[in-house]
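This report concerns only the one structure given below.
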Amino acid sequence: MSVYIGELHTEVVPAGSASPPGGGTGGTGGVHAAAERHQEACEHAAWLAARVAAEGFDD
140 MSVYIGELHT EVVPAGSASP PGGGTGGTGG VHAAAERHQE ACEHAAWLAA RVAAEGFDD
């Protein structure tokens, strides 16, 4: 079940689930895909932080 809150998104799965949603064959491909998703999430978090930063305002 997908949950959307503003710009946040997460997948909710039952507690006893054997594998994460979209779980593939595993192996090194899964490790690389997870690392790529982590890098994309870090870049997106940095973009959001810059977007809401209050620097450069003459209040």
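Numbers in my numbering are just positions in the sequence shown, counted from 1, shifted up by 139. Where is the CB? At the ideal position from N, CA and C, for every residue including glycine.
Taking buried to mean at least 16 other C-beta atoms within 10 Å of its own C-beta, is residue i buried or exposed?
| i | result |
| --- | --- |
| ASP198 | Residue placement at ASP198 is flagged as unreliable, the pLDDT there being 48, under the threshold of 50; a coordinate-derived value is accordingly withheld. |
Between residue i and the rest of its own chain, which residues show a CB-CB distance below 6 Å, the 5 nearest in sequence each way excluded?
| i | result |
| --- | --- |
| ALA188 | none |
Return the chain-ordered list of same chain residues with a C-beta closer than 8 Å to the C-beta of residue i, the five sequence neighbours on each side being excluded.
| i | result |
| --- | --- |
| CYS181 | none |
| GLY155 | none |
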